[in-house]
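Asks: Here it is, the structure in full.
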Amino acid sequence: GAGVSQSPSNKVTEKGKDVELRCDPISGHTALYWYRQSLGQGLEFLIYFQGNSAPDKSGLPSDRFSAERTGGSVSTLTIQRTQQEDSAVYLCASSWGLAGGGSDTQYFGPGTRLTVL
Amino acid sequence: AQSVSQHNHHVILSEAASLELGCNYSYGGTVNLFWYVQYPGQHLQLLLKYFSGDPLVKGIKGFEAEFIKSKFSFNLRKPSVQWSDTAEYFCAVNSFGNEKLTFGTGTRLTIIP
Numbered sequence: 001g002a003g004v005s006q007s008p009s010n011k012v013t014e015k016g017k018d019v020e021l022r023c024d025p026i027s028g029h030t031a032l033y034w035y036r037q038s039l040g041q042g043l044e045f046l047i048y049f050q051g052n053s054a055p056d057k058s059g060l061p062s063d064r065f066s067a068e069r070t071g072g073s074v075s076t077l078t079i080q081r082t083q084q085e086d087s088a089v090y091l092c093a094s095s096w097g098l099a100g101g102g103s104d105t106q107y108f109g110p111g112t113r114l115t116v117l
Numbered sequence: 001a002q003s004v005s006q007h008n009h010h011v012i013l014s015e016a017a018s019l020e021l022g023c024n025y026s027y028g029g030t031v032n033l034f035w036y037v038q039y040p041g042q043h044l045q046l047l048l049k050y051f052s053g054d055p056l057v058k059g060i061k062g063f064e065a066e067f068i069k070s071k072f073s074f075n076l077r078k079p080s081v082q083w084s085d086t087a088e089y090f091c092a093v094n095s096f097g098n099e100k101l102t103f104g105t106g107t108r109l110t111i112i113p
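First to last, the sequence lines map onto chains R and D.
Per the numbering used here: the first sequence ends with 117, consecutive numbering throughout.
Per the numbering used here: the second sequence ends with 113, consecutive numbering throughout.
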């Protein structure tokens with residue numbers, strides 16, 4: 001079956017512009033996660049959606065970052081007024097969200113490489 | 001806050017050598033532990049995970065990992081590596097009931113034919 005898909009695969013933008021990154025999770029997965037990977041860093045958690053519950057936004061680095069998930073499926077991560085330090089690979093993952101306890105396997109997409117000039 | 005340390009940044013081995021990649025975490029409570037792998041040009045994928053039961057966990061492609069609670073470690077092992085194991089390996093942890101993963105910085109493994 002289809003995996004997690006993300007678009008665009010690459011995005012180059014100018015400092016100060018807004019960008020939107022899209023994630024299509026695996027069909028039926030109720031949980032969706034955003035992470036980012038900066039050069040030389042591990043993956044850093046950004047935000048987590050589970051079903052209709054309020055998202056866990058505890059990893060968002062500033063109020064320039066926001067995300068929404070429409071209809072419990074597709075998610076969009078928006079970065080406003082981009083800065084050079086926002087350059088990174090943004091990864092989306094999804095899981096069934098049924099195991100509880102945090103032991104669900106997260107399935108990752110290919111990522112969006114964002115470059116802010 | 002949780003943290004994960006992967007002490008080996010780049011490991012180079014010859015085919016058929018044995019592999020052990022270190023992973024230590026900092027969190028005193030109940031944890032779930034994961035190893036993910038990213039092959040060149042591919043997505044991150046799960047190698048194996050531990051959440052309860054036997055602390056020796058077997059995963060795909062002949063990999064295994066042992067959870068040693070007293071050492072806060074979850075080292076990854078493979079008795080005989082192949083060229084196709086060339087990849088980046090990430091250790092990750094979350095606390096029980098908390099879905100968000102904390103990742104280490106990764107270990108790049110290069111296997112020389």
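Cβ atoms here follow ideal geometry from the backbone N, Cα and C, with glycine treated the same way.
1) What residues in the segment 31-45 of chain R bring their beta carbon closer than 9 Å to a beta carbon of chain D?
2) Less than 8 Å between C-beta atoms, sequence neighbours within five positions excluded: which residues of the same chain meet that for D/E88?
3) Consider the Cβ of D/T105: report whether some Cβ of chain R lies at a distance smaller than 8 Å.
4) Buried or exposed for R/N10, going by 16 or more other Cβ atoms inside 10 Å?
5) Take R/G51 as the anchor and find which of R/R113, R/L98, R/L117, R/C23 has the nearest alpha-carbon.
6) Which residues, in order along the segment 80-111 of chain R, keep a beta-carbon less than 9 Å from a beta-carbon of chain D?
7) Does chain D have any CB closer than 8 Å to the CB of R/D56?
8) Confirm, please, whether the CB-CB distance from D/V93 to D/V31 is below 8 Å.
9) Quick one: what's D/H10 bridged to in DSSP?
10) Under 8 Å between C-beta atoms, does R/G59 make it to chain D?
11) Which of the three DSSP states, helix, strand or coil, is assigned to R/I26?
12) If you compare alpha carbons, which of R/V74, R/R36, R/G109 is closest to R/T115?
Replies: In brief:
1) A31, Y33, Y35, Q37, G40, Q41, G42, L43, E44, F45
2) Within the second sequence, residue 88 of chain D is the residue found at index 88, counting from 1. If you ignore the 5 residues before and after D/E88, its C-beta comes within less than 8 Å of the C-beta of V37, Q38, G106, T107, R108, L109, all in its own chain and listed in chain order.
3) Taking the second sequence and counting its residues from 1, the one referred to as residue 105 of chain D is at position 105. Yes, D/T105 counts as interfacial toward chain R.
4) The residue labelled residue 10 of chain R in the question sits at position 10 within the first sequence. With fewer than 16 Cβ atoms within 10 Å of its Cβ, R/N10 is classed as exposed.
5) Here residue 51 of chain R is taken as the residue at index 51 of the first sequence, counted from 1. Here the closest residue by C-alpha is R/L98.
6) So the list reads L91, A93, S95, G97, A99, G100, G101, G102, S103, D104, T105, Q106, Y107, F108, G109, P110, G111, given in the order they occur along the chain.
7) Here residue 56 of chain R corresponds to residue number 56 of the first sequence, with the count starting at 1. With 8 Å as the cut-off, R/D56 counts as an interface residue toward chain D.
8) On the second sequence, position 31 is the one that residue 31 of chain D refers to. On the second sequence, position 93 is the one that residue 93 of chain D refers to. In this structure, D/V93 lies closer than 8 Å to D/V31 by Cβ.
9) Within the second sequence, residue 10 of chain D is the residue found at index 10, counting from 1. D/H10 is bridged to D/R108.
10) On the first sequence, residue 59 of chain R is found 59 positions in, with the first residue counted as 1. Closer than 8 Å: yes.
11) Taking the first sequence and counting its residues from 1, one reaches residue 26 of chain R at position 26. R/I26 falls in the coil class under three-state DSSP.
12) Position 115 of the first sequence, counting from 1, holds the residue named residue 115 of chain R. The candidate whose alpha carbon is nearest that of R/T115 is R/R36.
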